[in-house]
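Undergrad:
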Amino acid sequence: MIPDAYLAAMSVDDSEAMWRRVLTAGPNTASVFVAANGVDVVGFACGNMLDEPKHGLDAELTAIYLQRPFQRSGTGRRLVAAVLDAQRAHGATGLLTWVIAGNKGARAFYEHLGAELLIEQPFQWDGIDLVEAGYGWRDLDALALATSAACRASMISNRQFRRQQ
Ligand SMILES: CC(C)(COP(=O)(O)OP(=O)(O)OC[C@H]1O[C@@H](n2cnc3c(N)ncnc32)[C@H](O)[C@@H]1OP(=O)(O)O)[C@@H](O)C(=O)NCCC(=O)NCCS
0 MIPDAYLAAM
10 SVDDSEAMWR
20 RVLTAGPNTA
30 SVFVAANGVD
40 VVGFACGNML
50 DEPKHGLDAE
60 LTAIYLQRPF
70 QRSGTGRRLV
80 AAVLDAQRAH
90 GATGLLTWVI
100 AGNKGARAFY
110 EHLGAELLIE
120 QPFQWDGIDL
130 VEAGYGWRDL
140 DALALATSAA
150 CRASMISNRQ
160 FRRQQ
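Each step along the sequence shown adds one to the number in numbering that gives the first Met the number 0, with nothing skipped, and position 102 is 101.
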């Protein structure tokens, strides 16, 4: 979905600097969680409150990623549950997320968690033309329920890397 040349040009140093900025920012309403396998970080998820609600939703699941060997073990649901709890503590009443339209696995994941497809639209990412799908949860109790089964099933623990109030 993302051209290989773009991925190859991504820089570890730039990413590290970006995450340092995110994780050391002053008080805010963002949350970042990691999934850990022993001492190894194998995935992460983050969320924040939106300045202005979009599609009637006031918070966003901004990213979620797990290394391939750790996918399909319930960890994604646990990460969503962690972001959900954190953003609710910041006052969230709904949750929005965006996915590249061709990412069938992630779309199936969000739909499995009861997300409503809100929109599909073209967008540009660093000059690359893509199509994105917006999914939303208006009933956060229902989302909490959908994620809770995984908390009993998953074998991988996730830890809060840093949560800023
Ligand atoms: C999408 C992602 C976060 C889901 O996390 P996960 O731990 O793999 O998902 P879970 O094990 O919690 O899956 C919960 C349910 O969602 C559905 N699901 C998850 N991934 C799926 C896939 N690839 N295809 C179809 N259904 C899927 C299934 O119903 C699954 O339940 P089951 O395994 O009992 O059938 C993870 O697969 C991932 O990081 N993918 C690569 C990065 C990515 O696409 N991120 C999203 C960018 S928007």
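Just so it is clear, CB atoms sit at the ideal spot from N, CA and C, and this is done for glycine as well.
With hydrogens ignored, establish whether the beta-carbon of residue 65 is closer than 7 Å to any heavy atom of ligand 1.
TA: Numbered from its first residue, the sequence shown carries residue 65 at position 66. Yes, ligand 1 has a heavy atom inside 7 Å of this Cβ.
Undergrad: What did DSSP end up calling residue 104 once you bin it into helix, strand or coil?
TA: In the sequence shown, counting from the first residue as 1, residue 104 sits at position 105. Helix, per DSSP.
Undergrad: Three-state secondary structure (DSSP) at residue 146?
TA: Your numbering for residue 146 matches position 147 in the sequence shown. Three-state DSSP puts residue 146 in a helix.
Undergrad: Report the residue from 142, 57, 3 whose alpha carbon sits nearest the alpha carbon of residue 75.
TA: One-based indexing of the sequence shown puts residue 75 at position 76. Answer by Cα proximity: 142.
Undergrad: Cα-Cα, which of 6, 94, 36 is closest to residue 54?
TA: Mapped onto the sequence shown, residue 54 falls at position 55. The residue with the shortest Cα to Cα distance from residue 54 is 94.
Undergrad: Specify the secondary structure class of residue 165 as computed by DSSP and reduced to three states.
TA: The requested residue 165 does not occur in the structure, where the chain is confined to residues 0 to 164.
Undergrad: Tell me whether residue 24 sits in a helix, a strand or coil according to DSSP, three-state version.
TA: By one-based count along the sequence shown, residue 24 stands at place 25. Correct three-state label for residue 24: coil.
Undergrad: Is any non-hydrogen atom of ligand 1 found closer than 7 Å to the C-beta of residue 43, if you look at the structure I gave you?
TA: Taking the first residue of the sequence shown as position 1, residue 43 is located at position 44. Checking the Cβ of residue 43 against ligand 1 gives no.
Undergrad: Give the DSSP bridge partners of residue 119, in chain order.
TA: Reading the sequence shown from its first residue, position 120 is the one you call residue 119. Residue 119 pairs with 132.
Undergrad: Ends of the alpha helix (DSSP H) at residue 6?
TA: Indexing the sequence shown from 1 puts residue 6 at position 7. Residue 6 -> alpha helix (DSSP H) spans 3-7.
Undergrad: Return yes when the C-beta of residue 108 is under 7 Å from any heavy atom of ligand 1, and no when it is not.
TA: If you number the sequence shown from 1, residue 108 lands on position 109. Checking every heavy atom of ligand 1 against the Cβ of residue 108, one is found closer than 7 Å.
Undergrad: Any idea what DSSP makes of residue 84, helix, strand or coil?
TA: In the sequence shown, residue 84 corresponds to position 85, counting from 1. When DSSP states are grouped into helix, strand and coil, residue 84 belongs to the helix group.
Undergrad: Distance, Cα to Cα, residue 9 vs residue 16?
TA: As a working note, residue 9 is residue 10 in the sequence shown. As a working note, residue 16 is residue 17 in the sequence shown. About 13 Å.
Undergrad: Using C-beta distances below 6 Å, list every residue in its chain close to residue 109, excluding the 5 sequence neighbours before and after it, in chain order.
TA: Here residue 109 refers to the residue found at position 110 of the sequence shown. For residue 109, where only same-chain residues beyond five positions count, the Cβ hits under 6 Å are 134.
Undergrad: Kindly identify the DSSP beta-bridge partner or partners of residue 124.
TA: Counting from 1 along the sequence shown, the entry for residue 124 is found at position 125. Answer is 127, bridged to residue 124.
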